[in-house]
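In the working numbering, each number is its position in the sequence shown, counted from 1, plus 703.
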Amino acid sequence: MTQLPTRIDFRRNTQTVPPSIRAATLKNTRTAVIKRDQAVQRVGVEYWERLRQAAHDLRLHAITHLDRYLPLLESKVIQAGGQVHWANNANEVYTLVTQIAHQHRARRIVKVKSMVSEEIALNDALRAAGLDAIETDLGEFIVQLDGSRPSHPTNPSLHYTKEYIAELFQRKLGVDAPPIPTVLTDIARVHLREEFLRAEMGISGGNFLIAETGTLVLVTNEGNGRMCTTLPPVHVAIVGIEKVVPDWDSVAILLQLLARSTAGLDLSAYTTFITGTRPSGPREFHLILLDNGRTRILQDAHARETLLCIRCGACANICPIFQQVGGLAYDSPYTGPIGAIVSPQLFGIRRAGALPFASSLCGACAEVCPVKIPIPQILLHLRHRAVEGDTFEQPVAPTLVRLGARAGTLALARSWLYELGTQILKFIQRPLQRGEWLPMLPPPFNRWTMTRPLPKFRADFRAWWRKRIA
Ligand code: SF4
704 MTQLPTRIDF RRNTQTVPPS IRAATLKNTR TAVIKRDQAV QRVGVEYWER
754 LRQAAHDLRL HAITHLDRYL PLLESKVIQA GGQVHWANNA NEVYTLVTQI
804 AHQHRARRIV KVKSMVSEEI ALNDALRAAG LDAIETDLGE FIVQLDGSRP
854 SHPTNPSLHY TKEYIAELFQ RKLGVDAPPI PTVLTDIARV HLREEFLRAE
904 MGISGGNFLI AETGTLVLVT NEGNGRMCTT LPPVHVAIVG IEKVVPDWDS
954 VAILLQLLAR STAGLDLSAY TTFITGTRPS GPREFHLILL DNGRTRILQD
1004 AHARETLLCI RCGACANICP IFQQVGGLAY DSPYTGPIGA IVSPQLFGIR
1054 RAGALPFASS LCGACAEVCP VKIPIPQILL HLRHRAVEGD TFEQPVAPTL
1104 VRLGARAGTL ALARSWLYEL GTQILKFIQR PLQRGEWLPM LPPPFNRWTM
1154 TRPLPKFRAD FRAWWRKRIA
């Protein structure tokens, strides 16, 4: 069997960055924010807040009772004719999926957009095993064609303009493609129709898993989810263990929040419920339940609410940092504020420890989050973990940064020390000062000034303030 990759490299093909990334991200996120606000106004703010609280409570209940709901889910899926597999990590998923594909002599695979498969870089592993996996969500299809990565949890090609996509279709598909969204969608539809008909296996993620009946819930807006999970003879769903909810009442609450938060829609165009095998569907249904660090997140009382996320993308849309830098800058499949808290916990502080610092802590993300995840508090907790370490991770901040942080804490707690420190800094900066700026600091402090000048340190704030209030 072909050797599978053992290390995930998310930086693949990052050189493919559309030139218009910033303008497209800004325009598309702002539109999404307006649509979400309008959707909330339609149901009324009071009702919306009650829904959010109910969703928060039920999701927290579910993730803290996985020992009850996961075995129930497993038994119900098996009763309905499906098969359940447990995977601790990415490698175990690769092995399971390739084994299932080989059993069925499947080489051509169609996929529904799934954050979990991005998290474990499944497509790279399938390619290494000689399997051809085609993304069928329009945004993912564009990103895959471009050899790039998704930049947003629900809108993977958010950073592309229609002009760029038209040029891409011309270059890669050899068709005449004007920059008109409906025409571009038709081109993709015709191309993908052939793939659906030829596929021997379908792979999906899952938005929710209903424990009481063993039902997989898939929410899409393009209908590709139904094609992938009904046309091929085998369907494999790879879902994180945190996606389980107790019952159908829980899903009724979550679906009201998801579509409105994602796209400003009252309901998504396609909500598909799959319970085991069906006479009109695939002969086999496999559910792979993935841990990949989730039980570890659950152990941390300060960060476990990260697992409540329903991947709506609203926090990314509203985030002023995401709007400016776009999703590719996060160098992780999880982008935006949720990416800044989930990535360090899943991939480790050493790889993603800088992300919690890429926030102004304005709190807009927590205000729009439909399941009320306290993102700013978790960001602060992870910053502390990066600098000081805790029972889950060793600190990764350089010694100089840690000493600086401690000195800052001391100085800010004692006014005389703060005063003394400002006078010392004022003296030290003199030889480096050019007018109001410190344009070039010596190493290791030059990491900032290599790309932009630093305003000079002002030691006269207190005197200025005293004068102002006198
Ligand atoms: S953290 Fe909240 S707002 Fe962000 S994607 Fe998850 S559910 Fe949506």
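We put the beta carbon where it would ideally sit given N, CA and C, even for glycine.
Residue j beta carbon less than 8 Å from that of residue i
| i | j | result |
| --- | --- | --- |
| Thr974 | Glu898 | no |
| Pro1040 | Ile1078 | yes |
| Leu861 | Ala727 | yes |
| Ala891 | Pro881 | no |
| Phe1060 | Arg1088 | no |
| Ile941 | Val1104 | no |
| Leu993 | Val787 | no |
| Lys1075 | Gln806 | no |
| Leu919 | Gly928 | no |
| Ser817 | Ser723 | no |
| Ser964 | Ala1017 | yes |
| Val1090 | Ala1108 | yes |
| Pro1145 | Pro1156 | no |
| Cys931 | Val815 | yes |
| Ser652 | Ala1043 | Residue 652 cannot be examined here, being either before or after the span of the chain that is shown, 704 to 1173. |
| Val937 | Ile837 | no |
| Ala966 | Lys738 | yes |
Presumed contact (8 Å Cβ cut-off) between residue i and residue j, rounded CB distance
| i | j | result |
| --- | --- | --- |
| Gly1029 | Ser854 | 6 Å |
| Leu1011 | Arg762 | 4 Å |
| Gln1048 | Gly996 | 7 Å |
| Lys946 | Phe911 | 6 Å |
| Ala902 | Val800 | Not confirmed; about 14 Å, so no contact. |
| Ala758 | Pro1036 | No, Ala758 and Pro1036 are not in contact; Cβ-Cβ is about 24 Å, not under 8 Å. |
Boundaries of the beta strand (DSSP E) in which residue i is found, first to last residue
| i | result |
| --- | --- |
| Thr734 | Note, Thr734: premise wrong, no beta strand (DSSP E); alpha helix (DSSP H) at Ile724 to Val746. |
| Ile941 | Val937 to Gly943 |
| Gly905 | Met904 to Ser907 |
Unbroken alpha helix (DSSP H) run spanning residue i, endpoints
| i | result |
| --- | --- |
| Ala824 | Ala824 -> no alpha helix (DSSP H), and no H or E assigned at all. |
| Glu1070 | Ala1067 to Val1071 |
| Leu1106 | Thr1102 to Ala1116 |
| His805 | Ala793 to Gln806 |
| His1087 | Ile1078 to Glu1091 |
| Ala790 | First-last for Ala790: Gln786 to Ala790, but that is the beta strand (DSSP E), not the alpha helix (DSSP H). |
| Phe872 | Lys865 to Leu876 |
| Thr980 | First-last for Thr980: undefined, no H or E at that position. |
| Val893 | Pro884 to Arg901 |
| Ala1019 | Ala1017 to Ile1021 |
| Ser1046 | Gly1039 to Phe1050 |
| Arg1150 | Asn1149 to Thr1152 |
| Pro774 | Leu769 to Gln782 |
| Val1170 | What sits at residue 1170 in the sequence shown is Lys, not Val. From DSSP, the alpha helix (DSSP H) with Lys1170 extends over Phe1164 to Ile1172. |
| Val846 | Leu841 to Leu848 |
Where residue i falls, given that 16 or more other Cβ within 10 Å makes a residue buried
| i | result |
| --- | --- |
| His768 | exposed |
| Leu773 | buried |
| Trp1119 | exposed |
| Ser1046 | buried |
| Lys1170 | exposed |
| Val846 | buried |
| Arg1161 | exposed |
| Asp849 | buried |
| Ala972 | exposed |
| Ala955 | exposed |
| Thr1154 | exposed |
| Trp751 | buried |
| Ala1116 | exposed |
| Glu1122 | exposed |
| Asn791 | exposed |
| Pro859 | buried |
| Ile883 | exposed |
| Pro1147 | exposed |
| Ala1166 | exposed |
| Leu990 | buried |
| Ile766 | buried |
Beta-ladder partner(s) of residue i, from DSSP
| i | result |
| --- | --- |
| Pro1158 | Trp1140 |
| Arg811 | Asp835 |
| Glu987 | Val937 |
| Thr974 | Val922 |
| Ile1175 | Summary: the structure shown does not reach residue 1175, with the chain confined to residues 704 through 1173, and so no result is reported for it. |
| Leu993 | Ala790 and Gly943 |
beta-carbon residue i near the ligand ZN non-hydrogen atom, thresh 7 Å
| i | result |
| --- | --- |
| Ala1061 | This structure simply doesn't include the ligand ZN; it includes the ligand SF4 instead. |
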